[in-house]
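**Student:** Sequential numbering of the sequence shown, starting at -16, is according to the numbering used here.
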Amino acid sequence: MSIRCSHIDVVFDGNSYLKDVSFTVAPQEVVLLYGPSGSGKTTLFNILCAMSEATSSRAGVFWGDYQVCSLEKANKVRFRYISMVYSLFYFLESLNVEQNIRLPAVFAGVAEDEIDRRLEELYRVFAFDGKLSNLDLSTLRARSIAGLSNGQKELVGIARAFVLDSPYVFADEILRSFNKEGEELLWEKILSSPELGIGSRRGFFMITHKEHLRHDPRISKVYTIDNSALVRM
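See the structure below:
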């Protein structure tokens, strides 16, 4: 099952941001969309995830055999195909860390004991000690969201995406809130932890402006947007 779009055009106030973009993320692929802010990366990301729409009537977005025809309807089935890590922090501050992580699985109808199993798995994967012990997810589980640092919030957002068993994880500008050591270790955990399944049972699509990430040999494909067109690097 692939995630794909075809003939995506986005024009706003007379300016073209995307022009005739057709794109596919195949099963188990690890794909980066690289480029500076304002180049159209997040626009394409949101269209692929059915968070917004193209401006052309010929555009199509497909999650496997499912064609996105309505953003409202897509919201109800997205979890079957894509789990998202947002660039902004969307949390319920009245809930603690663990409760926020659980929410997508609860809404998806996952059994409580299965959610518990996945949470314990995530606590093992996102365990940190030493200088990075402030990022240890298990230690944060009962903490209030409001009291977390940006790095801690970003980690919670990443864990929340992986509590679902969706065949794809789409991430928008992650690793922006950490020092060099934290970024490197978290990136390694995301790409290499068997429990998360990136490159084995899950595909991964991420947009980034970080130059060094696109040179990671585990990346299947790297794209950029140049003059509104999608270009493979």
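Where is the CB? At the ideal position from N, CA and C, for every residue including glycine.
Spatial neighbours of R124 within its chain, please: C-beta separation below 6 angstroms, excluding the five flanking residues on both sides.
**Tutor:** V80 and E81
**Student:** With 16 other CB atoms within 10 Å as the buried threshold, where does T7 fall?
**Tutor:** exposed
**Student:** Buried or exposed: which applies to S149, given that a residue is buried once 16 or more other Cβ atoms fall within 10 Å of its Cβ?
**Tutor:** buried
**Student:** Alpha carbon to alpha carbon, how far is I128 from G134? Give it in angstroms, no decimals.
**Tutor:** 12 angstroms
**Student:** Do A33 and L218 have their beta-carbon atoms positioned less than 8 angstroms apart in this structure?
**Tutor:** There is simply no residue 218 to check, as the chain begins at -16 and stops at 216 in what is shown.
**Student:** Between the Cα of F109 and those of D96, F145, S132 and I98, spot the shortest distance and give me the residue it belongs to.
**Tutor:** F145
**Student:** S132 CB to nearest chain B CB: under 8 angstroms?
**Tutor:** The chain inventory of the structure shown lacks chain B, comprising one protein chain alone.
**Student:** In three-state terms, what does DSSP make of S160?
**Tutor:** coil
**Student:** On a Cα-Cα basis, can you pick out the residue from F72, L71 and Y49 that is closest to R63?
**Tutor:** Y49
**Student:** Using 8 angstroms as the threshold, is the segment -7 to 6 in touch with the segment 201 to 212, meaning 3 or more CB pairs across them?
**Tutor:** yes
**Student:** Can you tell me whether DSSP reads Q50 as helix, strand or coil?
**Tutor:** strand
**Student:** Among R85, G113 and F90, which residue has its Cα nearest to the Cα of R101?
**Tutor:** R85
**Student:** Would you identify the three-state DSSP class for E133, choosing helix, strand or coil?
**Tutor:** The question names Glu, but residue 133 is Asn in the sequence shown. Of the three classes helix, strand and coil, the one that applies to N133 here is helix, per DSSP.
**Student:** Can you tell me whether C(-12) is buried or exposed, with buried defined as 16 or more other CB within 10 angstroms of its CB?
**Tutor:** Classification for C(-12): buried.
**Student:** By how many angstroms is the C-alpha of N29 removed from the C-alpha of V(-7)?
**Tutor:** Cα to Cα, V(-7) sits roughly 12 angstroms from N29.
**Student:** Within 10 Å of its beta-carbon, does E76 have 16 or more other beta-carbons around it, so buried, or fewer, so exposed?
**Tutor:** Exposed, because fewer than 16 other Cβ atoms sit within 10 Å of the Cβ of E76.
**Student:** Just the C-alpha distance for S22 and E97, rounded to the nearest angstrom, thanks.
**Tutor:** 40 angstroms
**Student:** Only counting the same chain, and skipping five residues up and downstream in sequence, which positions put a Cβ closer than 6 angstroms to that of F45?
**Tutor:** R(-13)
**Student:** Specify, as a first and last residue, the run of the beta strand (DSSP E) that A33 falls within.
**Tutor:** Counting along the chain, A33 falls outside any beta strand (DSSP E), and DSSP gives it neither H nor E.
**Student:** Counting along the chain, where does the alpha helix (DSSP H) carrying I84 start and finish?
**Tutor:** Unbroken alpha helix (DSSP H) run through I84: V80 to F90.
**Student:** Figure out for me which residue from V139, F153, I(-9) and N117 has the closest Cα to the Cα of R41.
**Tutor:** With distances taken between Cα atoms, R41 lies closest to I(-9).
**Student:** Which whole-angstrom value is the C-beta distance of A142 and L120, which I expect to be below 8 angstroms?
**Tutor:** Right, the Cβ-Cβ distance comes to about 6 angstroms (below 8 angstroms), so this counts as a contact.
**Student:** Closer than 6 angstroms by C-beta to F188: which residues in its own chain qualify, once you throw out the five before and the five after it? Chain order, please.
**Tutor:** V8, V14 and F153
**Student:** Using a 10 Å radius around the Cβ and a threshold of 16 neighbouring Cβ atoms, would you call D199 buried or exposed?
**Tutor:** exposed
**Student:** Can you give me the C-alpha to C-alpha distance between I173 and R107, rounded to a whole angstrom?
**Tutor:** 13 angstroms
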